[in-house]
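Notes follow the structure.
In our numbering, the protein residues as written are 43 to 195.
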C-alpha cells in the first residue's frame with residue numbers, strides 16, 4: 043500500500059492517492075491491523091488537502107470502525123456521526139457508519155439500537171455484495187446477542 047500510495051503521489055494521481063487510503067482503511071479493519079491507525083489520520087488529512095471529500099468520508103468511516111473495535115466508543119460514534127452528516131444518499135457510507143453507531147448503542151445499552159439497525163436492513167435490500175451485507179448482519183447479530191435474543195442472532 044505504501045508503494046502504491048507513493049507511486050500515485052509521484053504521478054499526481056489524486057484519485058488514486060485517495061483510493062490508496064480507502065483500501066488501507068478497508069484492509070486494516072478487516073485484518074484488525076490497528077497499528078495502522080495513524081494512517082487513517084494521514085489519509086483523512088491528505089484527502090481533505092486534495093479536495094477528495096468522498097474519499098475522506100470513507101477513510102473516516104473505516105477509522106470509526108477501527109475505533110469501535112478498539113473500544114474507543116465515543117470516538118467511533120463521533121467519527122460515524124460526522125460521516126452521516128454528509129452521506130445521506132450514499133448507501134455504503136450509511137451502512138458503514140450506522141453499524142458503528144448501532145453497535146455502540148447496543149453495547150452501552152444507552153439507546154435503542156434497533157431503529158438504526160432496521161434502517162440498515164432497508165439499505166441492503168437488493169444488495170448481493172458482501173461489503174453491504176456483512177456489516178449489517180454482524181451488527182444486528184451482536185445487538186440481538188447483547189439483548190439475549192438467541193433467535194435474533
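Where is the CB? At the ideal position from N, CA and C, for every residue including glycine.
Query: Does the structure place the region 62 to 69 close enough to the region 82 to 97 that three or more beta carbon pairs sit under 8 Å?; Result: yes
Query: Excluding the five sequence neighbours on either side, which residues of its own chain have a C-beta within less than 6 Å of the C-beta of residue 116, listed in chain order?; Result: none
Query: Pick helix, strand or coil for residue 171, following the three-state DSSP scheme.; Result: coil
Query: What number of angstroms, rounded off, separates the C-alpha of residue 145 from the C-alpha of residue 43?; Result: 29 Å
Query: If I follow the unbroken alpha helix (DSSP H) through residue 74, where does it start and stop?; Result: Taken as a continuous stretch (DSSP letters only), residue 74 belongs to no alpha helix (DSSP H), as it is neither H nor E.
Query: Rounded to whole angstroms, what is the Cα-Cα separation between residue 152 and residue 45?; Result: 43 Å
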